Every structure is written in C-alpha cells, then in structure tokens.
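J.: The numbering of the sequence shown is our numbering, which starts it at 1187 and goes up by one. We put the CB at the ideal spot given by N, CA and C, even for glycine. All values derive from a computational prediction rather than experimental measurement. Sharing a structure here in structure tokens format.
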Amino acid sequence: LKPTIFQTDEEIVQAVVQKIKALLESKKEKIVLGLPTGSTPLGVYQELVRLHKEENLDLSRLVTFNLDEYFPMDSKNPQSYTSYMFKHLFDHINIDKKNIHIPNGMIGEDVINEYCQEYEKQIEEAGGLDLVLLGIGRSGHIGFNEPGSFFDSRTRLVVLDETTRRDAAGGFFGIEKVPKLAITMGIGTILSSKEIILLATGEHKALIVKQLIEEKASRKIPATFLHSHPNTHIFLDSSSAGELS
Ligand code: F6R
C-alpha cells in the first residue's frame, strides 16, 4: 500500500470527489457506494452537496450502503448514523431515498443474523460495491471491524473496542452512554468492492496510519487487510503521514 500524501484537506476532498465523478460519468446504470460517518468524510459530503446545488451534479444514480450503525440505536436519535447521513448528505442531494441503505440499529436481536445476511444480499442485488470510502479508527478498525476481525468477515453484530467507545464519548456526553455493540459490514464485504479509498487526516491518526502502512496484514489491525486489495487508495494529509518512515 503506497499512500498519497496531500498538502491540504481541500486537495483530499477534490481527489475523492473526482473518483465519484468518474463513476458518475461512466455508463453504469447505478453507482454503488459504501459510505462512512465520522469527522473524516465531512468535507467530501459538503463538496458533493455544493456540486449538486451549485453545479447541478446529478446524484440520482447513487445507491448507497452505510458501513455501520450503533446497536441498539433508534435511527431518529441525533447520535444515530442515519441522522448523521441525512443531515450531512442525503437531505441535500437528489438521491432516490429508496436507494439509501443504513443498518437498522433497532432490529430485533433474535433476527439480527438474517437481517445482516439480507444487507449483504441487497449489496449483491445492487450489483456489488463500486467504491467504498473509509475512515480509520485509532483501534485500527475500518467500518466497525475491530481488532480480532477476520479478513473474510461479513455484515454482523460486533462488540466495540474500548478505544472506539472512548473516542465516541464526547458525542454521547460520557463513555457509559456509548453503545457497546454495532452492526458493521465485514472486512470481506469491504474487500469485495471494486475500489476502496481510505482517508485519514490529523495527527491523532499518525500512529495507526504508520501501522496500517508498515505492518503485515493481521487481525490485530483489521485495516491492514486492505493490503490484499489491488485497487485501494490511501489518502493522507501531512499530519496523519507524520510518523511514516
Ligand atoms: C464510521 C466508521 C468508522 C470511522 C472511524 C474514523 O462509519 O466506519 O470506521 O470511519 O472510526 O472516525 P473519524 O472520521 O470520526 O475519525
């Protein structure tokens, strides 16, 4: 994995948006994206909204699958990833609402396995993922595939790492209020995408970025499984690239 290091966040945003635009310029009927939440992709979502509003970028062919959602989590809760996605992207673009897929954090625990298999089936029926955007957690997770995740894991219920819950504590006004579980696409699901872009910005990501780039693929740092994907791009700013040898 050879990262691309950008001087400014704006350049990263433009590089990602160019990739999405290239897909939109293809003749494909549907463009199937895997999408993250969190602070890292906010600039990308903001730019897509701007392009739609100011330059009439047509996003009606997008089909989206979010990577993850807390469990349990009511989608109406402002802390849900559903709320996040509508607030930052879906409420402002011309995506067909029936093409939006976000794991349901209120699904009954007794039917969760079937529900997760159904999520995988929906991805398949949409034609498979064309592009997955990823952030990276300080635990080494992509989606919510925490340390210990297998490279061939699929959409499932997972236990969140302590580091992840601590990093989310601010948004929940205390770590004790952060859900302990989540539904996430698996590593295998992510690796099935034709193209993957992992974004990491800021000094707080420098250590995990070093491990991602310099360590062999292992379950200790699930993001390292990206090494086996032939069409993965790692976009960094100079801060997140600061520890690379
Ligand atoms: C969120 C997700 C996570 C985040 C990661 C980084 O949907 O899939 O893997 O991408 O935790 O979060 P930020 O961008 O807030 O640093």
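What do you get for residue 1297, buried or exposed, if any count of 16 or more other CB atoms within 10 angstroms of its CB means buried?
T.: Result: exposed.
J.: Would you say residue 1211 reaches chain D, if we count a Cβ-Cβ gap shorter than 9 Å as a contact?
T.: The chain labelled as chain D is not found in the depicted structure, where only one protein chain is given.
J.: If we count Cβ pairs, one from each stretch, closer than 8 Å, do we get three or more for the segment 1335 to 1350 versus the segment 1364 to 1381?
T.: Counting Cβ pairs under 8 Å, three or more are found: they touch.
J.: Give me the Cα-Cα distance between residue 1235 and residue 1378, rounded to the nearest whole angstrom.
T.: Answer to the nearest angstrom: the Cα atoms are 27 Å apart.
J.: Pick out whichever of 1391, 1431 and 1367 has its Cα sitting closest to the Cα of residue 1225.
T.: Checking every option, the nearest Cα to that of residue 1225 belongs to 1391.
J.: Can we count residue 1234 as close to ligand 1, meaning its CB is less than 8 Å from some heavy atom?
T.: No, since every heavy atom of ligand 1 falls outside the 8 Å radius drawn around the Cβ of residue 1234.
J.: Short check: CB of residue 1356 to CB of residue 1389, under 9 Å?
T.: No; because the gap between Cβ atoms is not below 9 Å, this pair is not in contact.
J.: Can residue 1329 be considered in contact with ligand 1, in the sense that its beta carbon sits closer than 8 Å to one or more heavy atoms?
T.: Yes, since a heavy atom of ligand 1 falls inside the 8 Å radius drawn around the Cβ of residue 1329.
J.: Who does residue 1400 pair with in a DSSP beta bridge?
T.: None; residue 1400 has no bridge partner.
J.: Could you give the C-beta distance for residue 1328 and residue 1386, rounded to a whole number, given that I count them as a contact under 8 Å?
T.: Contact flag wrong, Cβ pair sits at about 11 Å.
J.: Three-state secondary structure (DSSP) at residue 1215?
T.: In this structure, residue 1215 counts as coil in the three-state DSSP scheme.
J.: Tell me residue 1190's beta-bridge partners as DSSP assigns them.
T.: Bridge partners of residue 1190: 1421.
J.: With the cut-off set at 9 Å, would you say residue 1383 and residue 1420 are in Cβ contact?
T.: A contact, by the Cβ cut-off of 9 Å.
J.: Got a sec? Which residues, its chain only, sit under 7 Å from residue 1248 by beta carbon, not counting five neighbours each side?
T.: The answer, listed in chain order, is 1217, 1219, 1281 and 1285.
J.: Tell me whether residue 1276 is buried or exposed, calling it buried when 16 or more other Cβ atoms sit within 10 Å of its Cβ.
T.: Buried is the call here.
J.: Any idea which residues DSSP pairs residue 1254 with across the strands?
T.: According to DSSP, residue 1254 bridges with 1370.
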